[in-house]
Amino acid sequence: PVYQAASPDEEALVGTARELGWVFLSRTRDSLSVNELGLKRQYQLLAMLDFTSQRRRMSVLVREPEGGLKLYCKGADIVILERLQKDCPHMESTERALDLFSQSCLRTLCVAERVVPEAKWEVWRKTLAQASMSKRNQDDILEQLYDDMERDLKLLGVTAIEDRLQEGVPETIAKLRQAGIKVWMLTGDKKETAVNIAYSCKLLDPDTRLLEGEELRRLLLCSDPEVALSKDRVTELWCVDMEMAQEKSALVLTGSDLAEFDAQPEIGSRFMTLAGLCQSVLCCRVTPGQKAGVVALIRKHTSSITMAIGDGANDVNMIKS
1 PVYQAASPDE
11 EALVGTAREL
21 GWVFLSRTRD
31 SLSVNELGLK
41 RQYQLLAMLD
51 FTSQRRRMSV
61 LVREPEGGLK
71 LYCKGADIVI
81 LERLQKDCPH
91 MESTERALDL
101 FSQSCLRTLC
111 VAERVVPEAK
121 WEVWRKTLAQ
131 ASMSKRNQDD
141 ILEQLYDDME
151 RDLKLLGVTA
161 IEDRLQEGVP
171 ETIAKLRQAG
181 IKVWMLTGDK
191 KETAVNIAYS
201 CKLLDPDTRL
211 LEGEELRRLL
221 LCSDPEVALS
231 KDRVTELWCV
241 DMEMAQEKSA
251 LVLTGSDLAE
261 FDAQPEIGSR
271 FMTLAGLCQS
281 VLCCRVTPGQ
291 KAGVVALIRK
301 HTSSITMAIG
311 DGANDVNMIK
321 S
């Protein structure tokens, strides 16, 4: 069969499964048909727990041909790994694989399953039906239900997908930098993947100093981050010449770091001061809403002309901002 999917990642996953002998045949509103190594099997689709940028995962609950109930879940590694059974025997090897894939600029997902007792399904199903008809706090109730079902998972494996750079990206970014234009990267990818992609597309140089984690947090807590950064560079014999030093630093932060800016506006202001001294900024594991928030933050604190570029549905909010 030829597949059409909502995203290239989904198409790649289904296509690879087909090459390995697990062929997705068809889907209706309440059933799925799969050819598993030559044996056609039909699953009853009981519930779909949709993906959102906040949940960073999705699940399906199915009744297998033999009658048992199973939940299959896939999502960001940081989300899935914390939901696994405590005695997972493959945690260390999985984390090593995830690190290796990230170093190769591959986008990773974790896949897991859970056997669901019939009694739990009956209670959960009735509560879900009630929540679906509720007019108050429906989203919160559904999130609690989904969270309860997507627990005590058994790890099935990790996927790694190459998201190739479009032709000419490194050369284009190099020319933008030569023209004095600062390029920021906002991505939902994990930090390790994002940093390696930034090197491959020439957004970062091999000798670029990355300001992240506790070091970045310490600078942001200073009343004058420019002075603090300048002192750090001289102390560490980085570069006495400030102009040269500015060209060799980049900020690396995550979605959780950005969330602190909303709670503490003065931190956001210091961040923009610090960002102005650096070669680039990498924002990792950010949601579509946070991408838009970064654009708004830049426009609030600078008079610079700002352009947002993206080719995915997750970039729409950012572009509109």
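321 is the number that my numbering gives the last residue of the sequence shown; the numbers go up by one with no jumps.
The C-beta atom is built at its ideal place from N, Cα and C for all residues, glycine as well.
Could you tell me the boundaries of the alpha helix (DSSP H) in which residue i lies?
i: residue 299; result: 288 to 301
i: residue 159; result: Segment 154 to 162 is the beta strand (DSSP E) holding residue 159; no alpha helix (DSSP H) there.
i: residue 270; result: 265 to 275
i: residue 15; result: 8 to 19
How long is the line joining the alpha carbons of residue i and residue j, rounded to whole angstroms?
i: residue 97; j: residue 133; result: 43 Å
i: residue 95; j: residue 150; result: 20 Å
i: residue 284; j: residue 181; result: 21 Å
i: residue 176; j: residue 306; result: 13 Å
i: residue 222; j: residue 270; result: 8 Å
i: residue 50; j: residue 39; result: 28 Å
i: residue 70; j: residue 43; result: 10 Å
i: residue 273; j: residue 200; result: 27 Å
i: residue 100; j: residue 19; result: 23 Å
i: residue 168; j: residue 174; result: 10 Å
i: residue 184; j: residue 91; result: 33 Å
Could you tell me whether the Cβ atoms of residue i and residue j are closer together than 7 Å?
i: residue 194; j: residue 187; result: yes
i: residue 402; j: residue 74; result: Within the shown structure, residues of the chain are numbered from 1 to 321, placing residue 402 beyond reach of any answer.
i: residue 113; j: residue 154; result: yes
i: residue 281; j: residue 251; result: yes
i: residue 32; j: residue 45; result: yes
i: residue 128; j: residue 145; result: yes
i: residue 286; j: residue 255; result: yes
i: residue 102; j: residue 192; result: yes
i: residue 288; j: residue 26; result: no
Identify, in the order they occur along the chain, each residue of the same chain with its Cβ nearer than 6 Å to the Cβ of residue i, setting aside the five sequence neighbours on each side.
i: residue 56; result: 75, 76 and 79
i: residue 121; result: 69
i: residue 290; result: 255 and 258
i: residue 298; result: 306
i: residue 48; result: 60
i: residue 261; result: 267 and 268
Using a Cβ-Cβ cut-off of 7 Å (strictly less than) and excluding sequence neighbours within five positions of residue i, which residues of its own chain qualify?
i: residue 204; result: 198, 250 and 280
i: residue 36; result: 22
i: residue 64; result: 43 and 70
i: residue 138; result: 131
i: residue 293; result: 258
Ignore the nearest five residues each way along the sequence and tell me which others in residue i's own chain have a CB closer than 8 Å to its CB.
i: residue 295; result: 306, 308, 318 and 321
i: residue 220; result: 267, 270, 271 and 274
i: residue 170; result: 200, 201 and 202
How far does the beta strand (DSSP E) with residue i in it reach, from first residue to last?
i: residue 250; result: 249 to 254
i: residue 185; result: 184 to 186
i: residue 24; result: 22 to 27
i: residue 314; result: Looking at the DSSP string, residue 314 is not in any beta strand (DSSP E), and its letter there is neither H nor E.
Nearer than 6 Å: is that true of the beta carbon of residue i relative to any heavy atom of the ligand ZN?
i: residue 199; result: By its list of ligands, the structure shown contains no ligand whatsoever, and the ligand ZN lies outside what it can speak to.
If we cut at 7 Å on Cβ distances, does residue i have a partner in chain D?
i: residue 148; result: No chain D is present in this structure, which holds just one protein chain.
Three CB pairs or more closer than 8 Å across the region 156 to 166 and the region 4 to 22: yes
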